[in-house]
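Colleague:
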Amino acid sequence: MALLAACSSSDPEGPGTSADATSGGSGDAPVTLTWWHNGVAGDTGENSLGDYWDKVAADYTAEHPNVTIEIEQIQNEDLQRTRIPTALQSGDAPDLFQQWGGGEMAAQAEAGYLMDLSETLSADIERLGGGVAPWQVDGTTYGLPFQFAVEGIWYRPSLFEEAGITAEPTTMAELADAVQKLKDADIVPIAVGASDGWPAAHWWYNFALRSCSQDVVANAGTSLDFTDPCWLDAGTQLEDFIGTEPFQPQFTSTVAQTGATSSAGMVANGKAAMELMGQWNYFVYEGFTDGSEEAIAALHEDLDWFPMPATEGGSGDPSAAMGGGDGFSCYVDAPVECADFLAYIVSDDVQRGYAEAVGGLPVAPAAADAITDPVLQKIAQTTSSAAYVQLWMDTLLGPNVGGAMNDGIVNIFNGTGDAQGVVDAMIAAAATA
Amino acid sequence: MTALEASGRSASPAVDSSSAAGSRPVTPASEHTRRATVRKWAEIALFVGPAMVLFLTFVVYPVVSAARFSLYKWNGVSQFSDAEFIGLENYARALFGGTDPVTQQAFTTAYSQPFWEALSHNVAIIFLSMAVQLPIALIVALTLNRRFRGRAFTRVVIFAPYVLSEVIAGTMWLIIFDPNGIATELMRSVGLDMPAGGWFEDQTWGFWTVFFIITWKYVGLAIILFLAGLSGVSEDLQEAAAIDGASWWQIQWRINIPLIGPTIRIWAFLSIIGSIQLFDMVWVLNRGGTAGQYSTIASYMMEIGFFRADWGYGSAIAVIMFFLSFVIALAYMATILRRDNAHPRKAR
Numbered sequence: 000m001a002l003l004a005a006c007s008s009s010d011p012e013g014p015g016t017s018a019d020a021t022s023g024g025s026g027d028a029p030v031t032l033t034w035w036h037n038g039v040a041g042d043t044g045e046n047s048l049g050d051y052w053d054k055v056a057a058d059y060t061a062e063h064p065n066v067t068i069e070i071e072q073i074q075n076e077d078l079q080r081t082r083i084p085t086a087l088q089s090g091d092a093p094d095l096f097q098q099w100g101g102g103e104m105a106a107q108a109e110a111g112y113l114m115d116l117s118e119t120l121s122a123d124i125e126r127l128g129g130g131v132a133p134w135q136v137d138g139t140t141y142g143l144p145f146q147f148a149v150e151g152i153w154y155r156p157s158l159f160e161e162a163g164i165t166a167e168p169t170t171m172a173e174l175a176d177a178v179q180k181l182k183d184a185d186i187v188p189i190a191v192g193a194s195d196g197w198p199a200a201h202w203w204y205n206f207a208l209r210s211c212s213q214d215v216v217a218n219a220g221t222s223l224d225f226t227d228p229c230w231l232d233a234g235t236q237l238e239d240f241i242g243t244e245p246f247q248p249q250f251t252s253t254v255a256q257t258g259a260t261s262s263a264g265m266v267a268n269g270k271a272a273m274e275l276m277g278q279w280n281y282f283v284y285e286g287f288t289d290g291s292e293e294a295i296a297a298l299h300e301d302l303d304w305f306p307m308p309a310t311e312g313g314s315g316d317p318s319a320a321m322g323g324g325d326g327f328s329c330y331v332d333a334p335v336e337c338a339d340f341l342a343y344i345v346s347d348d349v350q351r352g353y354a355e356a357v358g359g360l361p362v363a364p365a366a367a368d369a370i371t372d373p374v375l376q377k378i379a380q381t382t383s384s385a386a387y388v389q390l391w392m393d394t395l396l397g398p399n400v401g402g403a404m405n406d407g408i409v410n411i412f413n414g415t416g417d418a419q420g421v422v423d424a425m426i427a428a429a430a431t432a
Numbered sequence: 000m001t002a003l004e005a006s007g008r009s010a011s012p013a014v015d016s017s018s019a020a021g022s023r024p025v026t027p028a029s030e031h032t033r034r035a036t037v038r039k040w041a042e043i044a045l046f047v048g049p050a051m052v053l054f055l056t057f058v059v060y061p062v063v064s065a066a067r068f069s070l071y072k073w074n075g076v077s078q079f080s081d082a083e084f085i086g087l088e089n090y091a092r093a094l095f096g097g098t099d100p101v102t103q104q105a106f107t108t109a110y111s112q113p114f115w116e117a118l119s120h121n122v123a124i125i126f127l128s129m130a131v132q133l134p135i136a137l138i139v140a141l142t143l144n145r146r147f148r149g150r151a152f153t154r155v156v157i158f159a160p161y162v163l164s165e166v167i168a169g170t171m172w173l174i175i176f177d178p179n180g181i182a183t184e185l186m187r188s189v190g191l192d193m194p195a196g197g198w199f200e201d202q203t204w205g206f207w208t209v210f211f212i213i214t215w216k217y218v219g220l221a222i223i224l225f226l227a228g229l230s231g232v233s234e235d236l237q238e239a240a241a242i243d244g245a246s247w248w249q250i251q252w253r254i255n256i257p258l259i260g261p262t263i264r265i266w267a268f269l270s271i272i273g274s275i276q277l278f279d280m281v282w283v284l285n286r287g288g289t290a291g292q293y294s295t296i297a298s299y300m301m302e303i304g305f306f307r308a309d310w311g312y313g314s315a316i317a318v319i320m321f322f323l324s325f326v327i328a329l330a331y332m333a334t335i336l337r338r339d340n341a342h343p344r345k346a347r
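Listed in order, the protein sequences are those of chains E and V.
Using numbering that gives the first Met the number 0, read the first sequence as starting at 0 and increasing by one per residue.
Using numbering that gives the first Met the number 0, read the second sequence as starting at 0 and increasing by one per residue.
1) Mind listing the chain V neighbours of Ala-106 of chain E? Cutoff is C-beta to C-beta under 7 Å, in chain order.
2) Would you give the residue range spanned by the alpha helix (DSSP H) that Gly-352 of chain E belongs to?
3) Helix, strand or coil: how does DSSP classify Trp-34 of chain E here?
4) Going residue by residue through the region 112-163 of chain V, where are the continuous alpha helix (DSSP H) segments of at least 4 residues, counting only ones entirely within it?
5) At a CB distance below 8 Å, what residues from the region 188-222 of chain V approach chain E? Give them in sequence order.
6) Run through the region 259-305 of chain E for me and flag every whole beta strand (DSSP E) of 3 or more residues, listed as ranges in chain order.
7) Give the straight-line distance between the Cα atoms of Glu-45 of chain E and Tyr-51 of chain E, rounded to the nearest whole angstrom.
8) Among V:Met-129, V:Ile-265, V:Arg-92, which one has its Cα closest to the Cα of Met-332 of chain V?
9) Which bits of chain E does Pro-178 of chain V rub up against, with CB to CB less than 8 Å?
10) Residue range of the beta strand (DSSP E) that Phe-206 of chain V falls in?
11) Looking at the strands, I want to know which residues DSSP matches up with Thr-394 of chain E.
12) Kindly list the residues whose CB is nearer than 7 Å to the CB of Asn-268 of chain E, restricted to its own chain and excluding five residues on each side of it in sequence; keep chain order.
13) Classify Thr-262 of chain V: buried if its beta carbon has 16 or more other beta carbons within 10 angstroms, exposed otherwise.
14) Does DSSP classify Gly-304 of chain V as helix, strand or coil?
15) Under 8 Å by Cβ, that's how I've got Glu-69 of chain E and Thr-31 of chain E pegged, so tell me the actual separation to the nearest angstrom.
16) What is the DSSP secondary structure of Cys-450 of chain E, reduced to helix, strand or coil?
17) Over the uninterrupted beta strand (DSSP E) stretch that includes Asp-325 of chain E, give me the two end residues.
18) Less than 8 Å between CB atoms is the rule here; does Ala-66 of chain V satisfy it with respect to chain E?
19) Please report the residue range of the alpha helix (DSSP H) in which Gly-151 of chain E lies.
20) Give the DSSP-derived three-state secondary structure of Pro-317 of chain E in the structure shown.
21) Does DSSP classify Tyr-71 of chain V as helix, strand or coil?
22) Which residues mark the beginning and the end of the beta strand (DSSP E) in which Val-187 of chain E is found?
23) Between the C-alpha atoms of Gly-416 of chain E and Leu-329 of chain V, what's the straight-line distance to the nearest angstrom?
24) Chain E beta carbons: is any one of them nearer than 8 Å to that of Ser-11 of chain V?
25) Using a Cβ-Cβ cut-off of 8 Å, state whether Thr-81 of chain E counts as contacting chain V.
26) Run through chain V and tell me which residues come within less than 7 Å of Asn-456 of chain E, C-beta to C-beta.
27) Which residue or residues does DSSP assign as beta-bridge partners of Glu-71 of chain E?
28) Report buried or exposed for Ser-157 of chain E, applying the criterion of at least 16 other Cβ atoms within 10 angstroms of its Cβ.
29) Can you give, in chain order, each stretch of the beta strand (DSSP E) that sits fully within the region 38-69 of chain V and has at least 3 residues?
30) Which residues does DSSP pair with Ala-309 of chain E in a beta bridge?
31) What is the residue span of the beta strand (DSSP E) that Gln-98 of chain E lies within?
32) Tell me which residues share the same chain as Thr-107 of chain V and place their Cβ nearer than 6 Å to its Cβ, disregarding the 5 neighbours each side in the sequence.
Pasting the structure below:
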């Protein structure tokens with residue numbers, strides 16, 4: 000009925016969705032959309048995300064024969080750090096491209112590279128709800144996420160059992176207790192891929208999240224003001240935590256995801272009990288099995304997840320969580336079909352398919368029922384019940400200040416810097432912006 | 000390295016052609032000589048033109064662009080036309096923390112110190128290469144400079160690391176020097192251990208681990224160059240010296256080494272320029288180290304320019320690197336290589 004009404008409506012400003020408005024706008028003239036995303040094949044040659052996007056594009060073009068979609072799959076860091084910035088500079092940017100939100104997106108929006116989607120996709124923005132916030136600048140929407148989730152601690156229940164830990168830690172004191180029990184049982188308590196920088200930095204983010212109030216963090220994203228003592232406090236808490244020696248030896252030589260000696264490899268192979276990571280690590284761990292269904296099932300049997308434990312004191316909400324996601328933006332000069340296709344990508348059905356085919360955590364609330372895995376359900380549940388979800392701090396602050404922050408945090412792990420050093424590095428980087 | 004090589008190669012024919020034209024005697028223009036002149040210039044254009052176009056497009060234009068970017072505060076995302084012109088402030092930030100007294104202290108710690116640390120690593124690698132690679136390469140080359148079974152095979156083995164791609168070699172050493180890797184096992188089997196912070200990330204030993212890998216990677220080139228030089232030394236001289244009663248060492252010291260002097264000087268030149276521009280290996284290992292334990296100017300430039308999106312500052316670092324390579328290359332050519340270039344036949 001609704002569809003019929005929309006079609007027969009003669010009022011172009013009517014309540015019909017943006018999809019109707021845009022496809023009517025340019026008629027059936029042939030249109031080519033270029034699409035850059037980060038769904039590339041992994042070590043095993045499998046590429047469930049890239050394959051799913053291929054299918055989504057094919058389904059869309061079948062419905063819209065005048066649209067041709069040219070896809071380029073590009074490795075994440077190449078895409079984010081070199082390909083997209085240079086493409087935007089050159090004025091010959093892809094129509095639809097990966098967007099991580101936060102400070103970097105704000106800079107792109109300020110430079111006038113991004114299509115304002117607030118009006119055209121208002122219905123979709125409302126449907127997706129609060130998860131869109133990191134893709135908005137001052138209330139204007141410049142991109143839409145297809146995935147969003149909080150991070151937490153992955154652990155091996157069998158190792159917890161071996162060490163005599165009976166319950167998932169919910170406070171830092173309980174986590175410290177669990178760490179001690181694991182050490183007593185000669186098990187590496189926590190693996191961290193500090194060689195890559197960001198996995199180490201995420202520990203600091205979580206301390207800052209609980210130490211700083213929501214406003215302080217949110218304002219820092221635009222004001223780049225780090226004078227609040229909570230930023231220093233985050234580093235002090237991290238120093239204390241590292242002082243309890245919870246991590247594997249030589250953690251600054253450990254990468255996050257590649258090889259059996261990586262932090263993920265250690266957890267997957269039962270060499271370490273815990274790791275602080277995003278939901279994607281579920282699939283990284285699977286990559287360390289032989290790929291057979293039995294092996295993956297066996298891993299799932301002995302792999303679980305709990306939210307980052309609450310810290311004591313601090314101005315932040317104890318149930319606040321760090322999180323992040325992936326989305327897409329349209330280039331400012333892209334054809335209107337770009338917005339329409341983006342609306343299709345985040346439509347409830349395609350989001351459901353995304354959860355089923357890729358195992359991702361969709362943003363559309365209606366697609367939540369497509370998550371069947373109990374651990375992923377737990378993560379989705381934590382994401383929606385958190386007091387607030389703070390976007391990854393390095394994404395929030397953008398590459399310049401965020402990069403300086405990460406480097407400063409790694410220096411704490413290295414023993415070459417301290418809590419004050421992180422704040423100083425952030426202030427110095429902010430002064431160059 | 001490519002920029003300089005390209006500049007060296009393309010510049011010399013250009014210089015030759017202009018000097019040749021300049022020294023051409025002025026004679027009354029006859030039809031014959033005019034046609035010859037046109038032809039000569041056509042030939043010059045034909046042979047130098049393509050190289051010149053490539054040189055201008057891929058060397059001169061990027062260098063000029065980087066020099067331009069380096070004068071602006073620019074994050075690489077915003078339109079360059081909106082970037083703020085700040086003169087030489089990016090250079091000042093790298094060299095001594097900038098001229099603004101408010102931020103100078105913070106910038107010295109955050110920007111100037113890492114820059115000088117990276118540069119000091121480059122300088123250390125230059126001198127260590129001379130002190131370590133040169134003697135090793137000479138001894139090996141002199142030892143191998145004779146006929147024996149498996150000579151070709153030995154040469155291939157020695158040259159193999161140099162031929163191996165930097166990425167593959169770097170990944171291999173990452174596996175060997177993993178905290179749980181074979182190098183650690185070896186050390187433990189003799190009762191020692193890896194450096195406290197890990198092979199690459201230890202504050203003191205990280206640089207030496209990387210220097211070891213660089214030596215392994217590049218000493219083969221020196222050996223092959225020296226062997227090629229030695230093969231050009233006439234055997235008559237060595238036989239004559241042997242008849243006169245010279246020992247093996249005397250023959251090497253008095254005859255072979257002096258006669259491959261030009262080769263050694265060229266190798267040193269390549270080594271110095273390569274050390275200044277060292278990038279691939281340190282980047283593959285882990286972007287110069289988590290705390291810049293083995294950073295170089297090139298890895299620092301990449302880190303700040305691309306990964307921190309500080310393009311103006313990164314461009315300033317690039318220009319400093321270019322300037323250093325350029326000045327050192329010119330100085331080396333004007334002093335040390337001069338004797339080889341001025342009288343090529345005599346030096347031989």
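We put the CB at the ideal spot given by N, CA and C, even for glycine.
Modeller: The relevant details are as follows:
1) The count along the first sequence starts at 1 and reaches residue 106 of chain E at position 107. The contacting residues are Asn-74, Val-76, Ser-77.
2) Sequence index remark: in the first sequence, residue 352 of chain E carries index 353 (1-based). 347-357 is the extent of the alpha helix (DSSP H) around Gly-352 of chain E.
3) By 1-based counting over the first sequence, the position of residue 34 of chain E is 35. Residue state, collapsed to three classes: strand.
4) 112-127, 133-143, 150-162
5) Met-193, Gly-196, Gly-197, Trp-198, Phe-199, Glu-200, Gln-202
6) 271-276
7) In the first sequence, residue 45 of chain E corresponds to position 46, counting from 1. In the first sequence, residue 51 of chain E corresponds to position 52, counting from 1. So the two alpha carbons sit approximately 12 Å from each other.
8) Taking the second sequence and counting its residues from 1, the one referred to as residue 332 of chain V is at position 333. The shortest C-alpha separation from Met-332 of chain V is found at V:Ile-265.
9) The count along the second sequence starts at 1 and reaches residue 178 of chain V at position 179. The contacting residues are Pro-248, Gln-249, Ser-252, Thr-253, Thr-260.
10) Looking up residue 206 of chain V in the second sequence gives position 207. Counting along the chain, Phe-206 of chain V falls outside any beta strand (DSSP E), though it belongs to the alpha helix (DSSP H) covering 204-230.
11) Locating residue 394 of chain E in the first sequence gives position 395, counting from the first residue. In the DSSP output, where bridge partners are listed per residue, Thr-394 of chain E has none listed.
12) Translated into the one-based positions of the first sequence, residue 268 of chain E becomes position 269. Counting only Cβ-Cβ distances below 7 Å, and skipping sequence neighbours, we find Ala-259, Phe-287.
13) Numbered from its first residue, the second sequence carries residue 262 of chain V at position 263. Per the 10 Å Cβ criterion, buried.
14) For the purposes of this step, residue 304 of chain V is taken as residue 305 along the second sequence, with counting starting at 1. Gly-304 of chain V: helix per DSSP, three-state reduction.
15) Translated into positions along the first sequence, residue 69 of chain E becomes position 70. Translated into positions along the first sequence, residue 31 of chain E becomes position 32. Their Cβ separation, rounded to whole angstroms, is 6 Å, which keeps Glu-69 of chain E and Thr-31 of chain E in contact under 8 Å.
16) The question about residue 450 of chain E has no answer, for chain E in this structure spans 0 to 432.
17) As a first step, residue 325 of chain E is located in the first sequence; it is residue number 326 there, counting from the start. Run containing Asp-325 of chain E: 320-329, per the beta strand (DSSP E) assignment.
18) For this step, residue 66 of chain V is matched to residue 67 along the second sequence. With 8 Å as the cut-off, Ala-66 of chain V does not count as an interface residue toward chain E.
19) Residue numbering aside, residue 151 of chain E sits at position 152 when the first sequence is read from its first letter. Gly-151 of chain E -> not in any alpha helix (DSSP H); beta strand (DSSP E) instead, spanning 151-154.
20) Residue 317 of chain E sits at position 318 when you count from the first residue of the first sequence. It is coil, neither helix nor strand.
21) The residue labelled residue 71 of chain V in the question sits at position 72 within the second sequence. Of the three classes helix, strand and coil, the one that applies to Tyr-71 of chain V here is strand, per DSSP.
22) The count along the first sequence starts at 1 and reaches residue 187 of chain E at position 188. Counting along the chain, the beta strand (DSSP E) containing Val-187 of chain E begins and ends at 187-189.
23) The sequence position of residue 416 of chain E within the first sequence is 417, counting from 1. The sequence position of residue 329 of chain V within the second sequence is 330, counting from 1. One C-alpha to the other measures close to 40 Å.
24) Within the second sequence, numbered from 1, the residue matching residue 11 of chain V stands at position 12. Because the pLDDT at Ser-11 of chain V is just 43, under 50, the model does not fix this residue reliably, and the point stays unresolved.
25) Here residue 81 of chain E corresponds to residue number 82 of the first sequence, with the count starting at 1. It does; some Cβ of chain V falls within 8 Å.
26) Shown here, chain E extends from 0 to 432; a query on residue 456 of chain E therefore has no answer.
27) The count along the first sequence starts at 1 and reaches residue 71 of chain E at position 72. E:Trp-35, per the DSSP bridge assignment.
28) Against the first sequence, residue 157 of chain E aligns to sequence position 158. Exposed, because fewer than 16 other Cβ atoms sit within 10 Å of the Cβ of Ser-157 of chain E.
29) none
30) As a first step, residue 309 of chain E must be located in the first sequence, where it is residue number 310. Ala-309 of chain E is bridged to E:Thr-170.
31) For the purposes of this step, residue 98 of chain E is identified with residue 99 of the first sequence, where counting begins at 1. 95-98 is the extent of the beta strand (DSSP E) around Gln-98 of chain E.
32) By 1-based counting over the second sequence, the position of residue 107 of chain V is 108. Excluding residues within five positions, the ones whose Cβ falls inside 6 Å are Gly-96.
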